[in-house]
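In UniProt numbering, the protein residues as written are 1 to 181.
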């Protein structure tokens, strides 16, 4: 049987032209990017010295050059501060990161980490690499606060961060943090 005349072979060949998996490759290196927010420095480290396809990621948080947190396998495409620099939101549209977003406080505590999953609303998604859910060019972090009366000092009410949202890739707001007071 000649393959060229087999209709099944022809169909599979044509379909394979349109179905392709992600391909990527990193240089063999230890790469560190620093992001400074007042006294806080967040380092994003990507180690591809052993595996150029699946790097080892690390996130290091420092306060005035003193390390206060070190996380393995955390990374982000973009990081921004919010709530007057008390918190940091790291977001990722990459399938190489387990997490779609992370929230850290200025003390280096990991407060929230949300996996890339079917619960996320993606605009584009590929087999491995692409997980587009957030607008990286215009993140536009919006904070909502709630004020509660202070019975002891009425002139100083309690102000709580109620919710935080960002621009999704589809133009809709996506809540990344909600508290109930």
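We put the CB at the ideal spot given by N, CA and C, even for glycine.
Measure from the alpha carbon of residue i to the alpha carbon of each residue in the options, then state which is nearest.
{"i": "residue 156", "options": "148, 163 and 162", "result": "148"}
{"i": "residue 67", "options": "42, 49 and 52", "result": "42"}
{"i": "residue 115", "options": "91, 159 and 169", "result": "91"}
{"i": "residue 49", "options": "25, 36, 82 and 62", "result": "25"}
{"i": "residue 134", "options": "54, 166 and 62", "result": "166"}
{"i": "residue 63", "options": "164, 146, 108 and 145", "result": "108"}
{"i": "residue 145", "options": "33, 136, 127 and 83", "result": "83"}
When burial is assigned at 16 or more other CB atoms within 10 Å of the CB, is residue i buried or exposed?
{"i": "residue 152", "result": "exposed"}
{"i": "residue 14", "result": "Its pLDDT being 46, under 50, residue 14 is placed unreliably by the model, and the measurement read from it follows with that caveat. It counts as exposed."}
{"i": "residue 172", "result": "exposed"}
{"i": "residue 119", "result": "exposed"}
{"i": "residue 111", "result": "exposed"}
{"i": "residue 76", "result": "buried"}
{"i": "residue 106", "result": "buried"}
{"i": "residue 51", "result": "exposed"}
{"i": "residue 160", "result": "exposed"}
{"i": "residue 88", "result": "buried"}
{"i": "residue 93", "result": "buried"}
{"i": "residue 124", "result": "exposed"}
{"i": "residue 127", "result": "exposed"}
How long is the line joining the alpha carbons of residue i and residue j, rounded to whole angstroms?
{"i": "residue 56", "j": "residue 154", "result": "51 Å"}
{"i": "residue 98", "j": "residue 178", "result": "21 Å"}
{"i": "residue 162", "j": "residue 142", "result": "11 Å"}
{"i": "residue 19", "j": "residue 95", "result": "Residue confidence for residue 19 is low, a pLDDT of 46 falling below 50, so the modelled location carries little weight; the figure read from the coordinates is stated next. If I take the Cα positions, the gap works out to 18 Å."}
{"i": "residue 102", "j": "residue 39", "result": "20 Å"}
{"i": "residue 28", "j": "residue 45", "result": "13 Å"}
{"i": "residue 53", "j": "residue 73", "result": "14 Å"}
{"i": "residue 30", "j": "residue 175", "result": "34 Å"}
I'd like the span of the beta strand (DSSP E) that includes residue i, first residue to last.
{"i": "residue 147", "result": "142-148"}
{"i": "residue 177", "result": "173-178"}
{"i": "residue 88", "result": "87-91"}
{"i": "residue 138", "result": "Per DSSP, residue 138 belongs to no beta strand (DSSP E) and is neither H nor E."}
{"i": "residue 105", "result": "99-105"}
{"i": "residue 161", "result": "158-167"}
In the DSSP output, which residue or residues are listed as bridge partners for residue i?
{"i": "residue 45", "result": "32 and 58"}
{"i": "residue 67", "result": "62"}
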